[in-house]
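Participant: I have a structure here, written as structure tokens, and I will follow up with some questions on it.
Residue numbers (full-length UniProt numbering): 1 to 276.
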């Protein structure tokens, strides 16, 4: 399930308060579509909705309500950061997931406020929640804008929680052999990029971003039909192109965290999952 909501944070020239507890995983995720609160949960894939009413997602046998939450960013009393968070379901999962999301948003605000550049600036982000039978995830993406800058800075981070164990999931947790798994993921992502973004495939910026390192593959989302990889090019014009790698390419190297999801998935072709 997938649900999206938009947040805009206007920042002054002040510093921020203390950082919140927890750490963002800036790594994992999954997909089923979240429905509105008045409708029962559904399964399958669908485009995320934005600025929606509270919705529900089901994962690990528990149902969670998804809601947009504003989080004080430490700049006065009216400026607010926000994110999509969970309530209900397994309390352990909601606590770990929400802490990771809040930490990532706070990191972005602190990064801007903690620098030497005192120009007027703003952070705007969009959150999307995804789920599979065993994971709940969020993609937080957006812009950091400084007054009179040539262009904004694009930001993106992912958070994934195992809905059975209430533990954060990072890219290295997915494979029986992390090195071999990461190498296979890099090959599969390169193939997918050539298939869906042929205009980018030969760019050195993109090929460097596809090398098999955990940092390059920190932003990923498991879905019922494949693994979405947000490619961190570090270049504004490219942003974070997203490709979906079919589970069939990864089944031989997967460990128990997502093996069942991959085994149930249909064989599909590589696909694009948007640009951020």
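Just so you know, even glycine gets a beta-carbon here, dropped at the ideal spot from N, CA and C.
Taking its Cβ as the centre, do 16 or more other Cβ atoms sit within 10 Å of residue 239, making it buried, or is it exposed?
Facilitator: buried
Participant: So is residue 267 buried or exposed if we call it buried at 16+ other beta carbons inside 10 Å?
Facilitator: exposed
Participant: My output table needs one value for residue 244: the three-state DSSP class, helix, strand or coil.
Facilitator: strand
Participant: Under a Cβ-count criterion, where at least 16 other Cβ atoms within 10 Å of its own Cβ denotes burial, should residue 205 be classed as buried or exposed?
Facilitator: exposed
Participant: Measure the CB-CB distance between residue 57 and residue 85 and report whether it falls below 9 angstroms.
Facilitator: no
Participant: Could you pull out every unbroken beta strand (DSSP E) segment of at least 3 residues lying fully inside the stretch 86-131, listed in chain order?
Facilitator: 121-131
Participant: Please list the terminal residues of the continuous alpha helix (DSSP H) segment that includes residue 140.
Facilitator: Element bounds for residue 140: not the alpha helix (DSSP H) but the beta strand (DSSP E), 135-146.
Participant: Report yes or no: do the stretch 131-140 and the stretch 219-232 share at least 3 C-beta pairs separated by less than 8 angstroms?
Facilitator: As far as the Cβ criterion goes, the stretch 131-140 touches the stretch 219-232, which means the pair count is three or higher.
Participant: For residue 259, which residues in the same chain have their Cβ closer than 7 angstroms to its Cβ, ignoring the five residues on either side in sequence?
Facilitator: none
Participant: Quick check on the DSSP output: the alpha helix (DSSP H) that includes residue 162 runs from which residue to which?
Facilitator: Looking at the DSSP string, residue 162 is not in any alpha helix (DSSP H); the run it does join, the beta strand (DSSP E), is 153-162.
Participant: What is the C-beta distance between residue 174 and residue 254, in whole angstroms, given that I count them as a contact (C-beta under 8 angstroms)?
Facilitator: 6 angstroms
Participant: In chain order, what residues of the same chain have a beta carbon less than 8 angstroms from the beta carbon of residue 272, not counting five sequence neighbours either side?
Facilitator: 196, 197, 241, 242, 243, 244
Participant: List the whole-angstrom C-beta distance separating residue 177 from residue 257, where the pair is believed to meet the contact cut-off of C-beta under 8 angstroms.
Facilitator: Contact doesn't hold; Cβ gap of about 14 angstroms is too wide.
Participant: Using the beta-carbon count (16 or more within 10 Å), is residue 100 buried or exposed?
Facilitator: buried
Participant: Identify every residue that forms a DSSP beta bridge with residue 230.
Facilitator: 242
Participant: Put residue 25 into one of helix, strand or coil per three-state DSSP.
Facilitator: Interpretation of residue 25 is limited by its pLDDT of 49, a score under 50 that renders its predicted location unreliable; no figure is taken from the coordinates.
Participant: Residues in the same chain with beta-carbon distance under 7 angstroms from residue 40, minus the five sequence neighbours each way, listed in chain order, please.
Facilitator: For residue 40, the predicted model reports a pLDDT of 31, less than 50, meaning its position is unreliable and no value from the coordinates is stated.
Participant: To the nearest angstrom, how far is it from the Cα of residue 48 to the Cα of residue 139?
Facilitator: No answer about residue 48 holds up, because its pLDDT of 40 lies below 50 and its placement is not dependable.
Participant: Based on DSSP bridge pairs, tell me the residues matched to residue 266.
Facilitator: DSSP output for residue 266 lists no bridge partner at all.
Participant: Pull up the CB-CB distance for residue 166 and residue 96, whole angstroms please, since I reckon it's below 8 angstroms.
Facilitator: 5 angstroms
Participant: Rounded to whole angstroms, what is the Cα-Cα separation between residue 164 and residue 94?
Facilitator: 12 angstroms
Participant: Taking the alpha-carbon of residue 230 as reference, which of 262, 60, 264, 159 has the nearest alpha-carbon?
Facilitator: 159
Participant: Any idea if residue 188 is buried or exposed, counting beta-carbon neighbours within 10 angstroms, 16 or more meaning buried?
Facilitator: buried
Participant: Pick from 62, 146, 269: whose alpha carbon is nearest that of residue 250?
Facilitator: 269
Participant: Please check the pair residue 83 and residue 102, which I expect to be a contact at CB under 8 angstroms, by giving their CB distance rounded to whole angstroms.
Facilitator: 6 angstroms
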